[in-house]
Each structure stands twice: as C-alpha cells, then as structure tokens.
Amino acid sequence: MPDWPLFQPFLVSGLALGGVYALSGVGMVVLYRATGVLFLAFGAVGAMGALIAYSIIDHGGPEWLAWAECVLFGGVLTLLYGTVFGPPLARRGPLVKAVATLGLTLILLGVMDLLWPSDGGRARSLELPTSDGGFTIGDVRATWTQVVALGVGIVLVVATALFLRYTKLGTAMRAMADDREITATLGVPVRQVEAAAWFGCGVIAGAAGLLLADLVALDAVTLVFLVIPSLAAALIGRMSSITVTFAAAIFIGLARNMLTPISEVSRYREMTEFVVAAIALLVIAARRQEISFTREGA
Amino acid sequence: MLTRANLIRAAVAAAIVLFCVFGLAELLSLYYIGAMTQVALYSVVALGLGVLVGRVGLYSLGQAAILAIGAWVAARLLFATSQPHWLVLLEAGVITMVIGILVGLPALRLRGLYLALITLMLAGAISVLVNRTNFPNGGGGFLGYDGRGNLTPIPRPDIADSDRAFFRYTVIVAAVMFVLVLVHLRTKPGRAWAAIRQSEPAALAAGINITLYKLWALALASFVTGVAGGLLASGQRFLFAINFPPQESITLLAVVLMGGAYSLWGAIVAGVLLKLLPALLNDWGLSADWLFILFGIGVLQVLTTAPRGLADQFPKDMANLGRLLWRIGRGLTGRARQQRQAPPAAQAGAAGTGGVAAEEVEVAR
Amino acid sequence: MRNARRNGGRLAVALCAAGALVLAGCGDDDEGGGGPAAQPGASGGQAPGAVDVSQCGTDPGVRATGEPIKLGAIVTDQPGTSFTDIPYMARAYFECVNDNGGINGRPIEYVIETEQTQPDQVSAAARKLVETDQVLGIVGNTSIIECSVNHEYWESVGYYVIDSGIAPECYSTPNSAAVNMGPRYSSDGAVQYVLAHGAKKVVFDQSNVPGTDYIAAGPQAIADDAGVPITQLTEDVPINDANSVALRLVQEAGPDGAVVLNFTPPEALKILQAAEDLNIHENIAMWACSTPCNTDFLAAELGDGWENLLFVNAELTPLSESSETIDLYRAILEEYGDDVQGGAGSFSQMGFVEARIMVDALRRVEGEFTPETVNAAIRETEGFDTGMLCEPWTYGDFPLHIPNNVDYTVTPRDGVMVIADDGGCTPISDVDPHIAQYRAAVG
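Chains as they are written, first to last, in our numbering: chain A, 1 to 298; chain B, 1 to 365; chain C, 1 to 443.
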C-alpha cells in the first residue's frame, strides 16, 4: 500500500474526473425527470459534436464557431430525436424508451467511425483554451478546464434545482414527470415543455462532450461509453435526486483514481462504476423502492 | 395441438434443418460456411435472449457476457479433459446456467428498466474480468492461459473437425436447442410465462410462482447461451477477449428486437442479421460501420412501428405484396377467376407468424 | 398500430436527417482528410510532383494487359481498429506497376479480405484466397490475430507471407516474415534507447490485448541484462482515466526513470496529453514509445515541449528524411493512393515496402506463375534494398523471421517526427532471446 502523499495527486484528478461524470449524470437525471426518457445516447451525442468541432478547427475554422457548434449540435440533435421519437414512444414504458436511445447510440457510433476513421494510426485531440493555464496543487497541475468542469457541474445542479422549483417551465416539467396526462388536461403545453427539456439536455450533452473531449479523449468509443459511470451515479440518485447524483459521480471518480496506485487492485479499477451501480441497484431491490420508474410506468 | 398450421411449421423447420445439413453444407464456399456456422450458433443466443425479452420482459443487456462465460467454460473443459464434445457442451450449458441463476437471483427482485440496467452493469464487470483472465489457449493452471504466443487451437469433436462437418454439427445442436425452448413454450412454463406477461397480479392470483418462473426463463436462456458459447469456442478455435466488446450485448439486443422477440423465427432472423450480413458487407467491400447504423435504425423502427419484429412483419409485407401483385395480375389478364390457387406468399405469411401470439404487454410497470 | 403511418413519416424524417449528416460529413472529410499528414509534403518538405512515378515499372507508360497475376491480403477493419491503409497502399503501388508495364506485361490483381478479429472469419478468409480466388501469393496482411490463427495453414499450403506483424506468431513461425518489427522488438528498441540515455528505472506499460506476456518478455530481458529495475503494467483500452494512468506511471518511474509505452496512437496520446495537462511530464527523465507512436498525427497533436523528452522507436525511415525512395512513395501515394485514408505515415510506408518486395520477387519468377514458383521467389528474397529500412530485407528458409531488427529513434519536432540524437540505425540487442535465435539462424 503506497503512502498517503502518493495518493494526493490522485485525489485531485479524481475530483476532476468525478466532476466530468457528474455533468452527464445530472443531465441524464434532468431529462429523465422531464420526459421520462433515460437518454443513453448522452455520450454519443456529445462525442459527435466534439468530433465536428475538431473538423471545424482542423479546416481552419474559428474556435468559437467550433465550441458553439458542439453545444448547439447536441441541443438540435437531441431535440430532433425527441420530436421524432418522443410522441410514438410516449405511451410505452421507460424500458422501451431507454432501449430506443440505444438505437440512436448505435447509429451515431457507426456514423462517427465512418466519418472519422481510425485508419493509418490517426489520433485526434481537442484542446480548450482553458487547458493552457491552471494552478498547482501539491505536485500536480489542475487545468482551468478541470475547474470549469467541476464548476459547470455545480452550477448545473444549483441552476437546475432552482429552475425546476421556481420557474413556470420548471414546474411544468416536474408536473409532467409525475403525470403527463393530468398535466396536459391542466392546460400545460406538454409538447413545448418536452421540447424545451430535450433541447436543454442536448445542450448539456454537447457541453459535456466538449469538456470530456478535452479532459478524457477525443475518441468516439471512449466518449460513448463514458455514460456508464454517469449512469451509475444517476442510479444511485435514483434517477431523481440531482444532488445525490452529483455526489455519487464525485465518489465514483475519486474511487477509480484512488484505486489506481494500489497495485493489487489497480488492474480491476475499471470495474468500479459497474460494481457501485450494481450494489446501488441491489440496495434498491432489497428495499423495494422502485420510485421514479414506477411513477412513470406504462 | 397438431393443427394444420403447426404441421406446416414443423415441416418447414425440418426442411430448413435438413437443407442446411445436407444441402448448404456442400453448396457454400468455406467463407460462407464459417458465416453460416456463426448464424446458427448466434441464433441460439438470440433464442435465449428472445425468451427473456419476449416471455418475461427482461431486456438483458448482458447476453454477450453470458456467452463469454459459456465459451470460457467450454474451452477450459475441452483443453483439460477428453470428454465427448457434446458432453462438454452440456456441462458448459449447465455451469453457465448456474452462474446465470446466481447472478439473476438477487437481480430478479428488480423489474423493468432497473433489471435491464443491472444486467448491463454485471456484464460490464464480467467483461473487465474476462479481459484480465483472458480465454484458455492451452496453457496450464486454473485459467489455462499462456500469454507467450504459439496458441493451441480449441479442439472440435472428432466427427466434426472440418469446417463443413462442424457447420452440420452446429446446425443440429442449434435445432436441439430450438426444440428444447419450443417444448418449454408449449408446456407448463410457457403458459406460466404467458400469464405473467399478461398481468403479474393476475398470475399471482392464479397461484403462479412468479419468481420461480422468471428464474426458470433465466436458467433456460443461460443454458442455451452456454451451449452456444461451447459451439463458439470450438467453431472459432481461438478465443480472444477482444471478440466480446461492450457493444456486443447492445447489438445483440438490437438484432433480437429487429428479428422479433416473440417468435422462434425471429431468433433465426437475428442470427442472420448479426452474422450473415457482416459477411456479405465484407464480401461487397462495405464498412462494418454500416451495420451499427442499420441496427440502430432497425431498433428505432421496430420500437416505434413494428414491435413484433421482422419475423412477423416481413411475411405480412410479403403477403400484402403478394395480394397486390395478385390484384394487378387479375386486372391485367382478366382471367383470374379460372385460376383458383392462393398467392403463395400468403401461405408463407401464415407459417411465419409462429410462436405464441399474445399481445405485447409492457412488463416494465 | 394505429399511428403506423404517422410514425413511418417521422422515421423518414429521421432517416433524411441521418443521411444529410452523412453527406455533410463526407464533404467535410474530402476536403482535408482530417489530419496533418493528409497533406503530403507538409512533413517532408519535398514537392512530390518532382518525381516520375513511372519508375515503379519497367515499361513506362505502357498499361499491362496480359493475364492477371493474383495476390491476396487479410486485414483487420473494424470500428475503432483499422489497418486497411497498408494493403491499400500496396494496391496503389501495384496499380502504378500495372500502368507501367506490369510484370512482363501481366498486371497484378490484388484481393483484399477484411476481417473483424473473429478467428473463424480470419481462417475462412485465408482458405477463400487460396482455394476460391486462387491467389499466387500473400502480401500486406495486417491483423491483430491473423498470424496466430492461420500460420499452420500457410505452412500446410506452402505460402510464404509478407506481412506487417502484430501477433507473436508473425515473428516466430517459418512462413511469415514482416517488414516491421512488431510490438515486442520495437518495445525492446525503445527500452534500449532510454537505458542508453541514462534511465535508472523503466516502467513499461502496454494495452491489454492478446500476447501481452510475449511482448513484456523482451523489455524485461533487456532491462534485467542492464541491471535496471523494470515495472510491467497493462491497461484496459480504451483508456478513460488517462490522468490517473499518467500519474501512476510518473510515480512509478521517479525522477531518474523512464516510461515506455506500447499503445496505439490514440491511446498513447491520451496518456501523454494527460501528463502534460497535469504538468508532470517533465518529472521523469524521459518518455519512450514503441513504433505505433511514430506518426505525424501524434507529433502534431502533442505540440511543442516533447522534443527530446519523448523518444519513439521507428522501424521505417522517417518521412522527414529525404531520399529517392521517399519521393517515389509520396508521388505514388499522391497519384494512386486515394483510398489511403491516413495519408503519408508509417502504415502506408509498410504497404509500400511490402509491395516492392513482392514486385521484386515476381520479377524473379522464371517460367510459369504458380503458387510454387511465386512463393519460392518470395522465400528466396535476400538482401533486398527497400530504401525505407535500416538494413536490406531477407526472407530465407528459417524457422522464424525477424528480418527487420535494426531501427531508428525519432522525437517530435514542429509537428513532425524527426530522427533523435543518437537515433540513427541501431540494432535491437540480442539480449532478447528471440533476436539471438534469429541471428543465429541467419548466421
């Protein structure tokens, strides 16, 4: 077992990683609460936005355009998906809705590998201007991008909570999460509210994609499957609590990184999110708390 | 039970198996023999997943991991012992079944989406383990892995050493698995699953042990998937962890939904989509990426418009097409009344809607 | 299914959107190819137009029209891992030869089989090439598992394969000879370089793919022989926590140590960039990398600050050097290499070298072209000057083949890879028992 000082840098990088997971996790929970859809294509949408941003910069386009494109692409594509496939699936259960988003994931995975192939040993990266600077904690540097990621995560949690509680649109979203039919009969424009939720979460997916492309890697498969730790966090938050999701994401990020220097278990650290999520699910099973999923039932 | 439609179905199925064993095995090039062997064994995997999705509403996102367990066990046993191959298949099936039950027992308290997600998580954990232990390749020790190269091929049965013979062997084992599942569907468990799918409370009221029958479905699915894993081990002759990527479970679910989870024919369609289509794309020089795109579109299409999948939809479409052509033909010739035969496609449609025709019920509630 | 029609309409909308995406993206890719090395000349400084491509053939400007000579290749092409650039570049070379006289007037026909790392598919592809397509020789194979799966088959039918090796069997069996050194010997070279430049400790990290133990044995032997401690690690790929990987590597290595990576370019890039982001990349004596890192993509993405800090083992002449062969390679790539997606780089270089060796062998065939005569000619290749390797290339009749065992070391500078100090041709140490065994066999 290594000494404590050896762990310190892992603590810092674990926090940053957790912040990254939190971003997607919170986005998934918000979308789930507003539309009843567990959006498993969250990573894929962000990845595609980031790859297009890469191509814009690679072809000499201005950076601001690339960043804006990535965020907007996420919003538009997610909105498009929600508009096209939301209504026909509206009466189906959450399981079918979630599996349908896997369909979108597969399409995006295929398109990304076609358009940004890996032939000839190509490697890509996307560096945000915030990665040029940073400050030093202990032995390691934390870049501003990491700070931004963590910050965006916190801001997102607070803003979403305020939004859902105090704005008219937010109240409508919460009402819809409880009961779509009754909300509709009360005169809430269900379609518009849902569209707002889809677009908003797509924007989060795009922003997360941009940050993750810088912090983790600009690689389609990696980014697509980064939803797993976020999903694990969202499950611990029972798909309803934004704050618990955030805390769980930070915990998973920390746990993964803190396990890295311990030789005995380092090889198995990849299992962290799977095991954490499985335990969370089993605890839910033991307590028979099927909360938000049942509420949204078929 | 021996209705005319059933007889026709049985005859068609028997004809397909006989054609594969005696016709296809000689006709195809070695390249397509390999692809068709995969089709046969992945049909069995799809069959197992179809039982889970179609009968008890369990959308498993972990079948590739179960298949990997079956393949691992079979490979280890084939290297370590000199038992008959069929016995090893049986043992691989049973061991996989036990593991499936052990994993499923606590998970079955969950329902719907949570149950699907826990399969995803457990499969992820298993794939990390498989990545670390690797597949047996003739080495020593419990794991049977030797990372220094110069691998030993996984043995095949003596009677089926060549690729063509192994294709026949696979088709026959697959047919046995289909019969096994069919027997389940036509007897008590099948009726219990149908009742559970209609309404869990009603099934409970009727005195059906829901947990037992759900576990039974999981055991059956794990067993056939384990046997398929055994076929995979010997068919491939070498196993690598990279053959079981995380996407595999997702594409498996996609093709099962596309093929149709409610009929046994759907499993064969799924096998064809999953393994024959890539071989064709390769042959035509198209990128395998198109498969992802196609499967993704297929999932969305099936979930939004045709929940019973291609096995159900395609014969209907064909029947409609047949009727349309029939009408056009009648209009053109004006002598239709004299020819009294029915459009042939309509018959195919009747045969194709096999399986239990219960309404799709959302079990996710 | 009341709403089937309406939903169908939505689906059509979605499909159109997906189609538009694909089209938009295609246009996007055509313009630039998506990377720095897609612009030939950007890294070499030589204008490709200055070279006459017709020198690839014996009869300039005369298209070969006789009965085709069939050759074949098996290559991995799956989402995320694609080596098609190698046979595609070989095909470009063959096209050039066909346009300029062919092989005594006969054109080369090249059948490329792609596979998705499924052993049965790989084995069926070999049988298809030999039995159905009846190719006379195999050249350009590049696959994660092909050598492992098929080497016995090649031995049984007497085909002598010219390949780019990855699996251990590409280097340890009688019927496979590679133009590259493969992961093990290339890692050997990287470890040798850092030891020669004063590293007091080595941390060797590689991706967890088939054959890790086999690869690890090489660097282990070399470090043990030098009396320097070595730590062996593996990572599951794709890596998704590169920061912690980089931290651990740097901690393990310490200030006087070196980290040696054996990863594909995207994975290596993740680790190196993470180290730079954490500002710990200068906390160790040096970084090194086996040959896959030798791509200008990596050099361009890494940017400044890695010159003489990262050393990459290079088994082919760096494109920053200038020579007649490199000019010819660039010219052929320009004129015939539309399919070569990665452009100029070590992948297409390998395809070029393999095709040249094959064409040389075919020209030495006397009389009928049969599998026997063609493969005999391949096996008899001896001391062939490829113009892109440190040493002439020999096939020969040996129980194992490591014909490329002398190599360069490069370092990134201004977005391209250039030869490092003391990075000229250096033999891989025969402390690695396989190298010793090969040299003993060759004599």
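Using N, Cα and C, we set each Cβ at its ideal position, and we do this for glycine too.
Distance check for E113 of chain C and D283 of chain B, CA to CA, integer angstroms please. Rounded to the nearest whole angstrom, the CA to CA distance from D283 of chain B to E113 of chain C is 8 Å.
Could you spell out the range, first to last residue, of the alpha helix (DSSP H) harbouring Q63 of chain B? Q63 of chain B -> alpha helix (DSSP H) spans Q63 to A80.
With DSSP collapsed to three states, give me the class of W287 of chain C. Here W287 of chain C sits in strand by DSSP.
Report all residues from its chain with a CB closer than 6 Å to the CB of A271 of chain B; omit the five preceding and five following residues, and keep chain order. According to the sequence provided, residue 271 of chain B is Gly. The question's Ala does not apply to it. Here the set comprises V39, Y42, S43 and A46.
If distances are taken between C-alpha atoms only, which option among C:G305, C:R413, C:S207 and C:M358 comes closest to A178 of chain C? With distances taken between Cα atoms, A178 of chain C lies closest to C:M358.
How many whole angstroms separate the CB atoms of W193 of chain B and V56 of chain B, which I take to be in contact at a CB cut-off of 8 Å? The distance from the Cβ of W193 of chain B to that of V56 of chain B is about 6 Å, consistent with a contact at the 8 Å cut-off.
Which of helix, strand or coil does DSSP assign to M121 of chain B? Reduced to three states, the DSSP call for M121 of chain B is helix.
I228 of chain A (DSSP reduced to helix, strand or coil): In the structure shown, the three-state DSSP call for I228 of chain A is helix.
Taking only three categories from DSSP, how would you classify K188 of chain B? In the three-state DSSP reduction, K188 of chain B falls in the helix class (H, G or I).
DSSP three-state call for A351 of chain B: helix, strand or coil? Caution applies to A351 of chain B, whose pLDDT of 37 falls short of 50 and renders its modelled position unreliable; the value that the coordinates give is listed next. If DSSP states are grouped into helix, strand and coil, A351 of chain B belongs with the helices.
For Q338 of chain B, the three-state DSSP class (helix, strand or coil): Low per-residue confidence applies at Q338 of chain B: pLDDT is 48, beneath 50, and the placement is therefore not dependable enough to give any value.
Which of helix, strand or coil DSSP assigns to V406 of chain C: Correct three-state label for V406 of chain C: strand.
Drop a sphere of 10 angstroms on the beta-carbon of H512 of chain C, count the other beta-carbons inside from all chains shown, and report buried for 16 or more, exposed for fewer. No statement about residue 512 of chain C is possible, as the shown extent of chain C runs from 1 to 443 and does not include it.
Out of A:P88, A:G134 and A:T160, state which residue places its alpha-carbon closest to the alpha-carbon of R33 of chain A. Of the candidates A:P88, A:G134 and A:T160, the residue whose Cα lies closest to the Cα of R33 of chain A is A:T160.
By the criterion of Cβ-Cβ separation under 8 Å, what are the contact partners of E301 of chain C in chain A? Contact note: E301 of chain C reaches chain A through A123, R124 and S125, using a C-beta cutoff of 8 Å and chain order.
So R463 of chain C contacts chain A; which residues on that side make the cut at Cβ distance below 7 Å? The shown model of chain C, from 1 to 443, leaves out residue 463 of chain C, and the question about it has no answer.
Taking one C-beta from the segment 9-25 of chain B and one from the segment 145-161 of chain B each time, how about it: are there three or more such pairs within less than 8 Å? Result no; under three Cβ-Cβ pairs closer than 8 Å.
DSSP bridge partner residues for Y110 of chain C (one or two, in chain order): Per the DSSP secondary-structure output, Y110 of chain C pairs in a beta bridge with C:L71.
Which chain B residues sit within Cβ distance under 9 Å of V209 of chain C? What V209 of chain C touches in chain B: F240, A241 and I242.
In the DSSP output, what is P427 of chain C paired with across the bridge? In the DSSP output, where bridge partners are listed per residue, P427 of chain C has C:V406.
At least three beta-carbon pairs within less than 8 Å, the segment 101-117 of chain B to the segment 157-166 of chain B: In short, these stretches do not touch, since the Cβ pair count stays below three.
Give the straight-line distance between the Cα atoms of A249 of chain A and V20 of chain A, rounded to the nearest whole angstrom. Each residue's alpha carbon lies about 8 Å from the other.
Where N262 of chain C sits in the DSSP three-state scheme: Secondary structure at N262 of chain C: strand, using DSSP grouped into helix, strand and coil.
Measuring alpha carbon to alpha carbon, tell me which of A:A53, A:A100 and A:A255 ends up nearest L218 of chain A. Of A:A53, A:A100 and A:A255, the residue nearest in Cα terms is A:A53.
Any idea if A286 of chain A is buried or exposed, counting beta-carbon neighbours within 10 angstroms, 16 or more meaning buried? A286 of chain A comes out exposed.
Roughly how many whole angstroms lie between the Cα atoms of P48 of chain C and E109 of chain C? Since pLDDT at P48 of chain C reaches only 47, below the 50 mark, its modelled position is unreliable, and the value read off the structure follows with that caveat. Distance between the alpha carbons of P48 of chain C and E109 of chain C is about 26 Å.
Buried versus exposed call for P261 of chain A [16 or more other C-beta atoms within 10 Å across all chains shown]: Buried, since its Cβ has 16 or more Cβ neighbours within 10 Å.
Are V62 of chain C and G101 of chain C close, meaning C-beta to C-beta below 8 Å? The answer is yes: Cβ separation under 8 Å.
Given that F292 of chain B touches chain C, what residues does it touch there, using C-beta distances under 8 Å? The contacting residues are P79.
V379 of chain B and G229 of chain B: beta carbons closer than 8 Å? The question about residue 379 of chain B has no answer here: the residues shown for chain B are numbered 1 through 365.
Beta-carbon proximity list for I57 of chain A, same chain, < 7 Å, skipping 5 on both sides: The answer, listed in chain order, is E63 and A66.
Rounded C-beta distance between A275 of chain C and A300 of chain C? I'm assuming under 8 Å. With a Cβ gap of about 18 Å, A275 of chain C and A300 of chain C do not count as contacting.
Which of the three DSSP states is assigned to A496 of chain C in this structure? In the structure as shown, chain C begins at 1 and stops at 443. Residue 496 of chain C is therefore absent and cannot be evaluated.
Opposing strand residues paired with P412 of chain C [DSSP bridges]: Beta-bridge pairing links P412 of chain C to C:M417.
Can you tell me where the beta strand (DSSP E) holding N141 of chain C begins and where it ends? Here the beta strand (DSSP E) through N141 of chain C covers G137 to N141.
If T170 of chain B and T37 of chain B are in contact, beta carbons under 8 Å, what's the gap, nearest whole angstrom? At roughly 5 Å, the Cβ-Cβ gap stays under 8 Å, so T170 of chain B and T37 of chain B are in contact.
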